[in-house]
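Numbering (the numbering used here), first residue to last: 1412 to 1928. To keep things clear, I will list the structure first and then write my remarks on it.
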Amino acid sequence: MEQQHSMYNRRDRAAKPGSAVRAGHTGDAQPPFQAPLATSNALAAELRIRIARGDWIEGEKLPSVRRLSEETGLHRLTVYKAYNLLKDEGLIESREKSGYFLTVSRRPVESGFGSVFKFRPASGGGQEPAEAGPPLPALLGELHSVDCRYQFSQALIDPLLLPNSYLAEEAKRVFDLYPRVLGTYAPLQGDEDLLAALRRYLAETCSFVPEGQELLVTNGAQEAIHLVCEALVRPGDAVLIEQPSYSVAIEIFKHRSARLVPVGIHPEGYDLEELEALMRRYRPVLFYLNPTFHNPTGRCVPAEQRKQLADLAEKYGCILVEDDAFRDIYFGTPPPPPIYGYDTAGNTIYVRSFSKYIFPGLRIGCMAARADIMRRLLTAKARSSGGTPLLNQKVFVHHFQSERSRRHLHKLRIALQLRKEAMETALEGSGWNWHSPSGGLSLWVELPEGVDPARLLADALNGGQGGETASFVPGSFFDPSGRLDRHIRLSYSLLNERRIAEGVALLREYAQRQSDR
Ligand SMILES: Cc1ncc(COP(=O)(O)O)c(C=O)c1O
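Set out below in structure tokens:
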């Protein structure tokens, strides 16, 4: 049985004990000394991923410490530590003199990498809602925390592309302007100056202005999604969600025990007939969508569909939760206006993030909704954070409305476009497929037959002979039905062009080795 699961079976590394799992770094210098804890963390991360994809069945014995040590070339103590980490989390258990076994109750409900959700094909041939499965470790956070040389997993903007010292000076000025800023709370709905600036901004860039009480400042878009879920979704409610979708949103709705109903998103938008059939069949309480530079695919729903979506939402009494996190990160022409602006019946909740490009550390976002929905969102906000920190709002608004902020955004778009192009150039001739996005932070890449994303990730995290490591997010992390997928998300926003070229070359090398096996 152990034989079948030997993803660590790399004879080259076994010959060089200790060179296997390298916790690299994102800088240019050589990786620092590898502390055993970092190495066992990396091994534990890989094992979690393998457990999530269903490599072992409930109660099955895992490879022995000795065997895993031989296969990975890692010291036995390191393997032992990795197993103990998983044991502490309840993922595996040890039996005296017998070894380590996969815990029965914590195993994902279905095999398939990242299978967070159970998926049942409908008897009539259509799609049944995906049901929430048992809790899994926060795999994505785990993946981001593995320190590696070429980090393509996190859709974060390279801090070097942000005007950091200027922003720090601006933050200091805020204390002179508002000496009592730390001495009080912000209003629940948001700081008046910021609300006014957001209204001006939305009028200029999105062609709509939320009325007095229809705008709320949030701790990032993530809190906004959370508030929506708390205010509108009851356990068992049907929720439409794109397939693939932003993994944190999947997790939030899943945690609420919503019945997730996947909706495909294609280069030309949605199949509106399919969408209408799903609305008719499941009567969903809401449709969570990310129609502008969609995460992870980068797709942008065309203008003509936006009005039709608003009409469908009205017809079926389904709230559209329009997550517009990447609107300002476009290359060339700006995207079509938000659905919110087309919606005359007030069925859309508009969610914005600014933490992608203005002071990411401040986590400022906002949401707009018609008054009766907003009242429910405010109740949820009062229950959760009770308001967004005033200092963060003041620092943010000061920069947000400045000319400098506009100039920065303009340059940032150019820099990100160059990085996207560098990644596309590095992928040329690979046989990997992608649809070039006109905005956003990532490429959604389809791997060729014979290359398994989970295995590629394991190889890349593990590092090769030179100890060079890389990370990306396997597509199934974004799939509400948790099916094994051929896609991966490669983010081009964190590394510069040279490092993108090197990191993609490394991934291609690992993929090639896999196809050659
Ligand atoms: C589609 C989408 N929505 C929301 C968020 C979270 O935004 P914030 O950082 O403002 O919470 C992200 C972050 O990656 C995202 O991709």
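All C-beta atoms, glycine included, are put in the ideal place defined by N, C-alpha and C.
Contacting residues, own chain, Cβ-Cβ under 7 Å from residue i (five flanking each side not counted)
| i | result |
| --- | --- |
| L1686 | V1674 and L1723 |
| T1595 | L1801 |
| S1480 | H1486, R1487 and V1490 |
| L1593 | L1802 |
| L1720 | L1731 and I1750 |
Identity of the residues DSSP links to residue i by a beta bridge
| i | result |
| --- | --- |
| K1472 | F1512 |
| G1776 | T1629 and S1764 |
| S1505 | Y1511 |
| N1844 | E1857 |
CB of residue i within 9 Å of CB of residue j, strictly
| i | j | result |
| --- | --- | --- |
| G1851 | F1698 | no |
| R1774 | E1634 | yes |
| V1731 | V1659 | The question names Val, but residue 1731 is Leu in the sequence shown. Not a contact, by the Cβ cut-off of 9 Å. |
| L1849 | T1708 | Per the sequence shown, the amino acid found at residue 1849 is Ser instead of Leu. No, the pair does not count as a contact, with Cβ atoms beyond the cut-off. |
| G1601 | G1797 | no |
| P1864 | S1887 | yes |
| Y1921 | L1867 | yes |
| A1793 | L1599 | yes |
| H1810 | L1578 | yes |
| L1700 | I1676 | yes |
| Y1612 | Q1804 | no |
| R1781 | G1728 | no |
Own chain residues within Cβ distance below 6 Å of residue i, not counting five before or after
| i | result |
| --- | --- |
| V1432 | Model confidence at V1432 stands at a pLDDT of 29, short of 50, so the residue's coordinates are unreliable; what they give is reported in the following sentence. Same-chain partners within the cutoff: T1450, A1453, L1454 and N1873. |
| G1776 | T1629, G1631, A1632, A1635, R1763 and S1764 |
| S1618 | P1748 and G1752 |
| A1426 | Low confidence applies here, because A1426 scores a pLDDT of 30, under 50, leaving its location unreliable and the question unanswered by this model. |
| E1504 | F1512 and T1514 |
| P1646 | S1668 |
| R1610 | V1620 |
Alpha-carbon to alpha-carbon, residue j and residue i
| i | j | result |
| --- | --- | --- |
| S1847 | S1904 | 15 Å |
| L1917 | A1881 | 8 Å |
| L1838 | E1615 | 37 Å |
| E1500 | L1513 | 12 Å |
| H1436 | G1878 | Because the pLDDT at H1436 is just 30, under 50, the model does not fix this residue reliably, and the value given afterwards should be weighed accordingly. For H1436 and G1878, the distance between alpha carbons rounds to 11 Å. |
| F1586 | L1567 | 28 Å |
| G1752 | L1638 | 21 Å |
| I1661 | I1652 | 8 Å |
| P1889 | V1490 | It should be pointed out that residue 1889 corresponds to Phe in this sequence rather than to Pro. Approximately 30 Å, taken between the alpha carbons. |
| E1507 | Y1494 | 14 Å |
| R1354 | R1900 | As shown, the chain starts at 1412 and ends at 1928. That puts residue 1354 outside it, with no answer to give. |
| S1522 | R1461 | In this prediction, S1522 scores a pLDDT of 29, lower than 50, which makes its location untrustworthy; no coordinate-derived value is stated. |
| E1832 | K1472 | 46 Å |
| K1498 | E1457 | 14 Å |
| G1757 | L1820 | 31 Å |
| I1750 | R1692 | 23 Å |
| Q1923 | S1841 | 9 Å |
| G1893 | T1755 | 35 Å |
Residue i beta carbon near ligand 1 (any heavy atom closer than 8 Å)
| i | result |
| --- | --- |
| I1740 | no |
| Q1633 | yes |
| A1922 | no |
| R1710 | no |
| A1566 | yes |
| I1774 | According to the sequence as given, residue 1774 is Arg; it is not Ile. It does: the Cβ of R1774 is within 8 Å (strictly closer) of some heavy atom of ligand 1. |
| Y1657 | yes |
| D1890 | no |
| V1585 | no |
| P1771 | yes |
Contacting residues, own chain, Cβ-Cβ under 8 Å from residue i (five flanking each side not counted)
| i | result |
| --- | --- |
| D1927 | none |
| V1806 | E1581, A1582, V1585, F1770 and L1773 |
| L1789 | L1599, Q1600 and L1627 |
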